[in-house]
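Below is one structure, written out as structure tokens; the observations come after it.
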Amino acid sequence: PAIWKDEDKDLMRRAAVKAGLIGDSEEESERLFLVLEPEAAAIFCQEIDKNTLTIGTHLMIVDCGGGTVDITVHKVVQVRDGLKDVALDEIVTGTGGAFGSTYVDDSFLDYLADKLTEKAIEQFQEKEPLDYLKMIEEWERTKCAFDPEKSGDIIYFPLGVKFYNLLKNNYPQVLKKLADEQNGDDTDIYISCETMEGIFKPTLDGIVQKVKEQFQELDNQSCDVMFLVGGFSTSPVLRKRMEQEFGNKVQNIVMPPRPGLAILGGAASFGVNPSAIRARCSRLTYGFSYTPEFEEGVDPESKRIPAKYLENSEDLCLDRFGYLVKKGKRVPTDAEITQIFVPVLSNQKGMDLEFFSTPRTDVRYTDDPSVTKLGELRVEMPFTQGGLNRKVEVTFYFGQTEIKVHAKDMTSGEDFKTAIRFNSGY
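Be aware that the sequence shown starts at 43, since it is given in this note's numbering, and climbs by one per residue.
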């Protein structure tokens, strides 16, 4: 999912190593691609609709899955890389949120608990787990088929034999209330069309709000076509809501064939040709903590490190935020960002660089409330000849779906394997 944090991606990679899918060496690491779901969907849609998606076309992907909605906007660009003659550029920072179809399920279960009591549902799940799952499967079919224009005024949802018997034996008052409300019928639940729309509404409102945010990010840039992908996109009520809200903002709203497979198909294509995505927009500002010279009248006294405590002629400043890439900046997938670091002590044999992110673009210190520590980067400096004049060149690769780092001791010319130790919390 595009909304995953960097530490989540790091956790997934470590899980793949632990599961034996890849080894833990740097070479083995290259055998695993983590692909952003809406990017995979964009590749899939571009490949199946080449005649419509010509050079310069802007396409929005609204990936509606079970747990999340992910939204990106890409531009079709011309390239010459030997494999393909077109690629995709992300033109604004993507967005998303926890508005997948499972949240519609949660709303339905809340409705059911209100109708039949939460205690009865919990007892049914505990005593008859297989029949409980059958009930959920029946809801899945009802949910996917619901169309306000075709489903009629009432949707009849069956209780099933075992749930009915449990209610009859333990909660007869629930069945009596149900029968009173439904002209004597207590074997089904009558769900009105209006109630069904209410069950969908909170999740659909969340999706619509996220799509509106993406249009706001576009500012005055156009969007030619919107693709609805992911399993939830097959829902007629979702598609109709999107057409109502955004039909006047794009030329076409399209659901590709078998939209639930769009991500899988696009991911396979990405594995064959990773250059299908040419550039991404950074979702956060990334940087590191460093100690430059203290600026009088700008930096507070609490940040001052007096020169008398250092092998230095100037006072230094604690916790300054060193920028690597700012939120919203377009980063080509082959982009390299290089920084030179020097030790503060002549006999220093290594550096622990602290790595941070923030949604802001104007922070000065790493202890700003908006800043999150992602992890640390250990750079070995075993050769102390040269004292304070030693340099370590650290290159960051931000254009991929994961952050990669390479370090080189400029004194010895030796490369060092480095890895960000993410504070994953797991």
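Note that CB positions come from ideal geometry on N, CA and C, so glycine has one too.
Check: residue i C-beta below 8 angstroms from any heavy atom of the ligand FMN
{"i": "Ile-305", "result": "This structure lacks the ligand FMN, and indeed carries no ligand of any kind."}
Pick from the options that is closest to residue i, judged by C-alpha positions
{"i": "Ile-133", "options": "Lys-369, Lys-450 and Gln-381", "result": "Lys-369"}
{"i": "Gly-272", "options": "Gln-224, Asn-207, Gly-248 and Pro-299", "result": "Pro-299"}
{"i": "Ile-103", "options": "Asp-228, Asp-266 and Pro-342", "result": "Asp-266"}
{"i": "Gly-117", "options": "Pro-424, Ala-84 and His-100", "result": "Here residue 117 is Lys; the residue named in the question, Gly, does not match the sequence. The residue with the shortest Cα to Cα distance from Lys-117 is His-100."}
{"i": "Leu-383", "options": "Asn-389, Thr-375, Leu-395 and Ala-82", "result": "It is Phe, not Leu, that sits at residue 383 in the sequence shown. When only C-alpha atoms are compared, the closest one is Leu-395."}
{"i": "Asn-389", "options": "Met-268, Gln-167 and Gln-427", "result": "Gln-427"}
{"i": "Ala-360", "options": "Tyr-407, Thr-380 and Tyr-351", "result": "First, the residue type needs correcting, since residue 360 is Leu and not Ala in the sequence shown. That would be Tyr-407, whose Cα lies nearest to the Cα of Leu-360."}
{"i": "Leu-175", "options": "Lys-204, Ser-67 and Lys-161", "result": "Lys-204"}
{"i": "Phe-528", "options": "Leu-63, Lys-47, Pro-80 and Glu-70", "result": "One cannot answer for residue 528 here, as it falls past the ends of the chain, which runs 43 to 468."}
{"i": "Arg-325", "options": "Gln-256, Gly-302, Glu-343 and Pro-342", "result": "Gln-256"}
{"i": "Asp-131", "options": "Ala-84, Ser-149 and Glu-170", "result": "Ala-84"}
{"i": "Glu-418", "options": "Val-253, Phe-398, Gly-108 and Phe-288", "result": "Phe-398"}
{"i": "Leu-13", "options": "Asp-195, Thr-159 and Ala-310", "result": "Nothing about residue 13 can be read from this structure; the chain reaches only from 43 to 468."}
{"i": "Pro-316", "options": "Val-367, Phe-86, Lys-51 and Val-292", "result": "Phe-86"}
{"i": "Lys-291", "options": "Gly-429, Leu-260 and Glu-343", "result": "Leu-260"}
{"i": "Lys-433", "options": "Cys-186, Val-421 and Ser-264", "result": "Val-421"}
{"i": "Thr-437", "options": "Ala-304, Leu-366 and Glu-70", "result": "Leu-366"}
Exposure label - residue i; buried when at least 16 CB within 10 Å
{"i": "Lys-92", "result": "exposed"}
{"i": "Met-54", "result": "exposed"}
{"i": "Leu-57", "result": "A small fix is needed here, since residue 57 is Ala in this sequence, not Leu. Exposed is the call here."}
{"i": "Lys-218", "result": "exposed"}
{"i": "Val-405", "result": "buried"}
{"i": "Gln-88", "result": "buried"}
{"i": "Arg-283", "result": "buried"}
{"i": "Thr-96", "result": "exposed"}
{"i": "Val-314", "result": "exposed"}
{"i": "Thr-114", "result": "buried"}
{"i": "Thr-403", "result": "exposed"}
{"i": "Gly-65", "result": "exposed"}
{"i": "Tyr-351", "result": "exposed"}
{"i": "Ser-67", "result": "exposed"}
{"i": "Ala-321", "result": "buried"}
{"i": "Gly-289", "result": "exposed"}
{"i": "Lys-252", "result": "buried"}
{"i": "Asp-52", "result": "buried"}
{"i": "Ser-331", "result": "buried"}
The beta strand (DSSP E) enclosing residue i, as first and last residue numbers
{"i": "Tyr-439", "result": "434 to 439"}
{"i": "Arg-20", "result": "Here the chain covers residues 43 to 468 and nothing more, so residue 20 does not appear."}
{"i": "Gln-390", "result": "No beta strand (DSSP E) holds Gln-390; DSSP gives it neither H nor E."}
{"i": "Leu-53", "result": "Where Leu-53 is concerned, there is no enclosing beta strand (DSSP E), although the alpha helix (DSSP H) it sits in stretches over 48 to 60."}
{"i": "Glu-422", "result": "414 to 422"}
{"i": "Phe-425", "result": "First-last for Phe-425: undefined, no H or E at that position."}
{"i": "Val-373", "result": "372 to 374"}
{"i": "Gln-442", "result": "Premise fails: Gln-442 is in no beta strand (DSSP E) and is neither H nor E."}
{"i": "Thr-380", "result": "379 to 383"}
{"i": "Leu-63", "result": "First-last for Leu-63: undefined, no H or E at that position."}
{"i": "Asp-270", "result": "The residue asked about is misnamed: residue 270 is Leu in this sequence, not Asp. It spans 267 to 271 - the beta strand (DSSP E) in which Leu-270 sits, taken as one unbroken run."}
Pairwise C-alpha distance: residue j and residue i
{"i": "Gly-142", "j": "Phe-242", "result": "11 angstroms"}
{"i": "Phe-363", "j": "Val-413", "result": "9 angstroms"}
{"i": "Asn-354", "j": "Pro-348", "result": "9 angstroms"}
{"i": "Arg-281", "j": "Phe-199", "result": "23 angstroms"}
{"i": "Gly-136", "j": "Val-373", "result": "13 angstroms"}
{"i": "Val-340", "j": "Thr-333", "result": "14 angstroms"}
{"i": "Gln-286", "j": "Pro-278", "result": "12 angstroms"}
{"i": "Ile-295", "j": "Thr-327", "result": "32 angstroms"}
{"i": "Thr-110", "j": "Phe-274", "result": "10 angstroms"}
{"i": "Gln-215", "j": "Gly-308", "result": "53 angstroms"}
{"i": "Asp-127", "j": "Pro-411", "result": "45 angstroms"}
{"i": "Gly-248", "j": "Cys-106", "result": "11 angstroms"}
{"i": "Thr-237", "j": "Met-297", "result": "26 angstroms"}
{"i": "Gln-442", "j": "Tyr-232", "result": "51 angstroms"}
{"i": "Ala-129", "j": "Leu-78", "result": "16 angstroms"}
{"i": "Tyr-468", "j": "Thr-229", "result": "Model confidence at Tyr-468 stands at a pLDDT of 38, short of 50, so the residue's coordinates are unreliable and nothing is read from them."}
{"i": "Ser-466", "j": "Glu-49", "result": "In this predicted model, Ser-466 has a pLDDT of only 44, less than 50, meaning its place in the structure is not dependable; the value taken from the coordinates is given anyway. About 5 angstroms."}
{"i": "Ser-454", "j": "Glu-378", "result": "22 angstroms"}
{"i": "Ile-45", "j": "Gly-139", "result": "7 angstroms"}
{"i": "Thr-375", "j": "Glu-72", "result": "15 angstroms"}
{"i": "Leu-76", "j": "Glu-444", "result": "8 angstroms"}
{"i": "Ala-318", "j": "Ala-82", "result": "10 angstroms"}
{"i": "Cys-235", "j": "Ile-197", "result": "7 angstroms"}
{"i": "Val-59", "j": "Ala-449", "result": "23 angstroms"}
{"i": "Ala-61", "j": "Arg-183", "result": "34 angstroms"}
{"i": "Lys-446", "j": "Gly-392", "result": "19 angstroms"}
{"i": "Tyr-213", "j": "Lys-161", "result": "10 angstroms"}
Neighbour flag for residue i against chain B, beta carbons, 9 angstroms
{"i": "Ile-233", "result": "Protein chain content of the structure displayed is limited to a single chain, and chain B is not contained in it."}
In chain order, what are the residue ranges of uninterrupted beta strand (DSSP E) at least 3 long that sit wholly in the segment 206 to 257? 230 to 234
Which runs of the beta strand (DSSP E) fall wholly inside the segment 82 to 154 and span at least 3 residues, in chain order? Counting only unbroken stretches of 3 or more residues, the beta strand (DSSP E) elements lying wholly within the segment 82 to 154 are 100 to 106, 111 to 120, 128 to 132 and 137 to 139, in sequence order.
At 4 residues or longer, and completely inside the segment 275 to 363: list those alpha helix (DSSP H) runs for me, N to C. 278 to 288 and 304 to 314
Please go through the segment 160 to 196 and give each complete alpha helix (DSSP H) segment of 4 or more residues, from N-terminal end onward. 160 to 169 and 171 to 187
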